[in-house]
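Asks:
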Amino acid sequence: MMKGNTGQGLAGSKPKQVDKEKWRDWKWQMRHCVKDLESFEKFLGIELGTEERRAFEETVSRFPMSITPYYLSLIDKNNLNNDPIFMQSFPRQQELEIHSSDMSDPLHEDADSPAPCITHRYPDRVLFLVSNTCSMYCRHCTRKRRVGDRDSIPDRETILQGIEYIKATPQIRDVLLSGGDPFLLSDEYLDWILTELQKIPHVEVIRIGTRTPVVLPYRITDELVAMLKKHHPIWINTHFNHPRELTSTSRRALAKLADAGIPLGNQSVLLAGVNDCPRIMRVLVHKLVANRVRPYYLYQCDLSEGLSHFRTPVGKGIEILESLIGHTSGFCVPTYVIDAPGGGGKIPVMPNYLISWSTNKVVLRNYEGVITTYREPDSYEPTVCDRNCDACNLQLDLADAQESELIGVEMLLADDDESISLVPQGNERYNRRTVDDENPENSNS
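Residues -1 to 443, numbered by our numbering, are exactly what the sequence shown covers, in order.
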């Protein structure tokens, strides 16, 4: 049983002996990650019982602990066992319960790796694992098989092998940097990777997945943001799971990224006891969009080893979506997905709004339960695709359309055109003026 021990630290505040400058230094935070039980107890001012200590030591022997001081400071020690921060960061004995359905690599990322650091599952995009280091070991991590095994940064030679694969695969237009956490790289090293990727003509967009705005927001420095701005289009997805994670510090980090013109998305994982509640998820998505972060995915918890205590029935996710769709803005609603075991990719799972369907009519229901019909066209003639594009009646010129040239009065009204008059073609006076311009000696005739 956990007992209070006042005077040794308070949840929700940094240790008094640490000055603000050090506390806000992300490298100091990384150097002082809490990895042992004694430091954890001292920081929070608590004391674990003998049985809890034994369970902790047994768990971390397989799945280590590492928590940034910042994230640890958010724990409410007065409600420890129900605290969402505690549950996502502190090892529990349930992690050692390995079920028959659990897998070391449920998404088959290793099997779908044609080159070092690369997972190529979808036709036009790849996952590029550029870091094996995280700022915190999340207890629900889908890559739990790697946690603590090899905290390292792939060297340039290894990264270049991944880049060479992308160069040699022209269908790849989208590269997602992940890990580990790409923002645990130095600014210079990440800048080099982004530069090399943007030299590849067929790479149109680069995404970065990071949890630093959640667990290490001080990493979002002015220097990092200035570097990222050089590499547009960059998209960043982060990983907030609970409204309490959106602190004033994390909001400042998000604002820096958004102010730099970087589109932000969020990927939450549905976790039993953490956020498996429609009310919690609604507050979370509202807080996200208020901070210019688009709720992107809500993941069903993966079948990784040791995560069974976090998993909910799929029906819980459907219930949460039912509480969002129609009840809040459309852009607040994430896509609920199951990342298919065996590497099948993300499969959207949505409430069923299509009740029935006939030849030319569909029956639908809305979020209120109102049942309505939609009449389909009686004379729709589909365009049959026989792959003969030259004979197709659709507009297949897919190059960017060009803005039409301004003419007539529209040209005179336009602020970006310096024309001051319209002259009819064949105007004799203007013809004479043209001749005079060519023969200056006749200019007074």
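A virtual CB, placed ideally from N, CA and C, is assigned to each residue, including glycine.
Given the structure is predicted, the values throughout are model-derived calculations rather than measurements.
1. Classify Ser59: buried if its beta carbon has 16 or more other beta carbons within 10 angstroms, exposed otherwise.
2. Can you tell me the Cα-Cα spacing of Pro339 and Met409, whole angstroms?
3. Might you give, ordered along the chain, the residues of its own chain that have their beta carbon closer than 6 angstroms to the beta carbon of Val283, omitting 5 neighbours on each side?
4. So, helix, strand or coil for Ala166, using DSSP?
5. Would Leu286 and Ile260 be called neighbours here (beta carbons separated by less than 8 angstroms)?
6. Applying the 10 Å Cβ sphere with the 16-neighbour rule, what's the burial state of Trp24?
7. Which residue comes first and which comes last in the alpha helix (DSSP H) that contains Leu226?
8. Pick out the complete alpha helix (DSSP H) segments inside the stretch 10 to 42, 4 residues or longer, and give them in chain order.
9. Looking at Gly177: is its Cβ nearer than 8 angstroms to the Cβ of Ser129?
10. Assuming Ala338 is part of the beta strand (DSSP E), what are its boundary residues?
11. Got a sec, what are the start and stop residues for the alpha helix (DSSP H) Arg280 sits in?
12. Which residues in the same chain have their Cβ closer than 7 angstroms to the Cβ of Gln265, if we skip the five residues on either side of it in sequence?
13. Closer than 8 angstroms by C-beta to Met279: which residues in its own chain qualify, once you throw out the five before and the five after it? Chain order, please.
14. Mark Glu439 as exposed unless 16 or more other C-beta atoms lie within 10 angstroms of its C-beta, in which case mark it buried.
15. Could you name the residues that DSSP lists as bridge partners for Leu362?
16. Taking all protein chains shown into account, do 16 or more other C-beta atoms lie within 10 angstroms of the C-beta of Asn358, making it buried, or fewer, making it exposed?
17. What separation, rounded to the nearest whole angstrom, lies between the Cα atoms of Met(-1) and Pro67?
18. Quick one: is Glu426 buried, meaning 16 or more other Cβ sit within 10 Å of its Cβ, or exposed?
19. Quick check on Glu186: buried or exposed, where buried means 16 or more other Cβ atoms within 10 Å of its Cβ?
20. Classify Tyr187 as helix, strand or coil using the three-state DSSP reduction.
21. Is the CB-CB distance between Gly406 and Leu396 below 8 angstroms?
22. Would you kindly check if the distance between the Cβ of Ile157 and the Cβ of Ile191 is under 8 angstroms?
23. Give the secondary structure of Asn264 by DSSP, where H, G and I count as helix, E and B as strand, and everything else as coil.
24. Are the CB atoms of Arg249 and Asn289 within a distance shorter than 8 angstroms?
25. Counting only the same chain and skipping the five closest in sequence on each side, list residues whose C-beta sits under 6 angstroms from that of Gly424.
26. So, is the C-beta of Pro89 closer than 8 angstroms to a C-beta in chain C?
27. Please work out which residues of its chain come closer than 7 angstroms, Cβ to Cβ, to Arg309, disregarding the five sequence neighbours upstream and downstream, and give them in chain order.
28. Please name the residue, chosen from Gly304, Ile336 and Asn364, that lies closest to His325 on a Cα-to-Cα basis.
29. Under 8 angstroms, do Thr210 and Phe181 count as touching if we go by C-beta distance?
30. Candidates Gln196, Ser133, Ile369 and Asp398: which alpha carbon is nearest Leu214's?
31. From Ser150 to Leu127, what distance separates their C-alpha atoms?
32. Report the option in Trp355, Pro380, Thr381 and Cys390 whose CA atom is closest to the CA atom of Arg373.
33. Considering Cα atoms alone, identify which of Gly343, Ile345, Val368 and Ala253 is closest to Ile353.
34. Could you pull the start and end residues of the beta strand (DSSP E) that Phe126 belongs to?
35. Pull up the distance between the alpha-carbon of Leu72 and that of Ile83, whole angstroms please.
36. For Ser377 and Pro349, I'd like the C-alpha separation in whole angstroms.
Replies: On the basis of the supplied data:
1. exposed
2. 60 angstroms
3. Pro293 and Cys330, listed in sequence order.
4. coil
5. no
6. buried
7. Asp220 to Lys227
8. 18 to 21, 24 to 29 and 35 to 42
9. Against a cut-off of 8 angstroms, the Cβ pair of Ser129 and Gly177 comes out as a contact.
10. Thr333 to Ala338
11. Taken as a continuous stretch (DSSP letters only), the alpha helix (DSSP H) holding Arg280 covers Pro276 to Ala288.
12. Once the five neighbours on either side are set aside, the close Cβ partners of Gln265 are Asn235, His237, Tyr294, Tyr295 and Tyr297.
13. Ser266, Asn273, Leu296, Ile318, Ser321 and Leu322
14. Low local confidence applies: a pLDDT of 48 at Glu439 is under 50, so the model's placement there is unreliable, and no value is given.
15. Assignment of beta-bridge partners to Leu362 by DSSP yields Leu352 and Thr370.
16. exposed
17. Confidence in Met(-1) is poor, its pLDDT being 39 and thus under 50, which makes the residue's placement too unreliable to answer from.
18. Its Cβ having fewer than 16 others within 10 Å, Glu426 is exposed.
19. exposed
20. helix
21. In this structure, Leu396 does not lie closer than 8 angstroms to Gly406 by Cβ.
22. yes
23. strand
24. yes
25. Contacts found: none.
26. Checking the listed chains, one finds no chain C in this structure; it contains a single protein chain.
27. Ala270 and Cys299
28. Asn364
29. yes
30. Ser133
31. 11 angstroms
32. Of the listed residues, the one whose Cα sits closest to Arg373 is Trp355.
33. Val368
34. Arg123 to Leu127
35. Straight-line spacing of the CA atoms in Leu72 and Ile83 works out to 7 angstroms.
36. Their backbone Cα atoms lie some 31 angstroms apart in a straight line.
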